[in-house]
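**Q** First the structure, which I've put down as structure tokens, then a few questions once you've had a look.
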Amino acid sequence: MSQLEDLLRDLVVANRILANEDVVDAYGHISVRHPDNPRRFFMSRSRAPELVERHDLIEFDQEGEPINDQRPPYLERFIHAAIFEARPDVVAVVHAHAEDTLPFGLINKPLEPVIHSGSFIGGKVPVWDIRKKFGDTDLLVRNMAQGRDLAKCLGKGHVALMRGHGFASAARSIIEVVRLSVYLPRNARVQMNAMRMGGKPKPLSKGEIAARAAGYRPNMPETWRAWEYWATRAGCGDRIGKPEDHAHHDHAHKG
Ligand code: MN
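Here our numbering is used: the first residue of the sequence shown is 19, the next is one more, and so on.
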């Protein structure tokens, strides 16, 4: 298979993993940058991630508009378009509404890495409030201006919370953004539980976060182990190919 088809196959699997791990439900989406044209990206048409197949994937331009496809796209595709525009280093983006992340968008207590598997969150997570700039809206990111404002809040980070709505996460590959998005609600749950016990949770230090990042390689066995596990649980263990097929498109876009 071509590199592009490998990538799109992974995008289908990623949709199903995110659904199976309760990161997304009927809503929420994942996208990947076009490996040969950094101004474009791929994402499903408006369909629940658990049901997404290869033929549901649409190519989008840098303004978030579908290329030669009349099927209804996700309303909030501008989240993805704006993050890809602002961040040449980003290859894959997730938007989801995972409940355990939401309290941290409502109160003045930042979500931050408190467990080792949450280290890839990177640090204190900024909260984007659509109302600050756009007043009373339906909270959905419906145009590029709103997407760009969110991307600005994300800055150079990996995650931004969206007040009363969900989160956006961004990473250098599909596998990385899936891992980040799976562990984000788990980290939030542990942090909340620790706060309920009445203390102030001790977050990972900057040095610990850096040590975790330094120990990570896209094609190391531990990365593949999680991908194979999640895909198999999601019922698509037969669609993931072999580890060596993935090495070449992780970090495909070095921007
Ligand atoms: Mn949403």
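Note that beta-carbon positions come from the ideal geometry of N, C-alpha and C, so glycine has one too.
1. Across the region 127-144 and the region 209-217, are there enough close Cβ pairs to call them in contact, namely three or more that are closer than 8 Å?
2. Is it the case that the CB of L158 approaches a heavy atom of ligand 1 more closely than 7 Å?
3. Could you tell me the distance, in whole angstroms, from the CA atom of V30 to the CA atom of E71?
4. Run the CB neighbour count on T155, radius 10 Å, all protein chains shown included, and call it buried at 16 or more, exposed below.
5. Leaving out five residues before and five after H115 in sequence, what residues of the same chain have Cβ atoms less than 7 Å from its Cβ?
6. I want to check one thing, is the minimum distance from the CB of R65 to the heavy atoms of ligand 3 below 7 Å?
7. Quick one: using the 10 Å Cβ neighbour count with 16 as the cut-off for buried, is Y234 buried or exposed?
8. Straight-line CA distance for D79 to T241?
9. Using C-beta distances below 6 Å, list every residue in its chain close to F138, excluding the 5 sequence neighbours before and after it, in chain order.
10. Specify whether the region 32-42 and the region 56-67 touch according to this definition: at least 3 beta carbon pairs, one from each stretch, less than 8 Å apart.
11. Taking 7 Å as the cut-off, is the CB of G140 close to at least one heavy atom of ligand 1?
12. Locate the alpha helix (DSSP H) running through I192, then write down its first and last residues.
13. When you measure from the CB of H264 to every non-hydrogen atom of ligand 1, does any distance come out below 7 Å?
14. Going along the chain, which residues of its own chain have a beta-carbon closer than 8 Å to the beta-carbon of G255, five neighbours each way excluded?
15. Enumerate, from N- to C-terminal direction, the unbroken alpha helix (DSSP H) stretches of 4 or more residues contained entirely within the region 120-200.
16. Contact check, P236 vs P131 under 8 Å by CB: the rounded distance?
17. List the DSSP bridge partners of A228.
18. State yes or no: is the C-beta of P203 within less than 8 Å of the C-beta of G175?
19. For a test of the three-state rule: what should DSSP assign to L93, helix, strand or coil?
20. Please go through the region 234-259 and give each complete alpha helix (DSSP H) segment of 4 or more residues, from N-terminal end onward.
21. Is the beta carbon of V50 closer than 8 Å to that of L25?
22. Between G182 and ligand 1, is there a pair consisting of the residue's CB and a ligand heavy atom that are separated by less than 7 Å?
23. Residues in the same chain with beta-carbon distance under 6 Å from P261, minus the five sequence neighbours each way, listed in chain order, please.
24. Where DSSP assigns a beta bridge to S49, which residues make up the other side?
25. Please determine whether the Cβ atom of H98 lies at a distance below 7 Å from any heavy atom of ligand 1.
26. Are the beta-carbon atoms belonging to V109 and R181 less than 8 Å from one another?
**A** Reading off the structure:
1. yes
2. yes
3. 6 Å
4. exposed
5. Y45, G46, H183, G184
6. The model on display carries ligand 1 but not ligand 3.
7. exposed
8. 30 Å
9. L198
10. yes
11. no
12. 192-214
13. no
14. E246, A249
15. 148-152, 162-172
16. Contact flag wrong, Cβ pair sits at about 20 Å.
17. Answer is none; A228 lacks a bridge partner.
18. no
19. coil
20. 239-251
21. yes
22. no
23. W242
24. M61, V111
25. no
26. no
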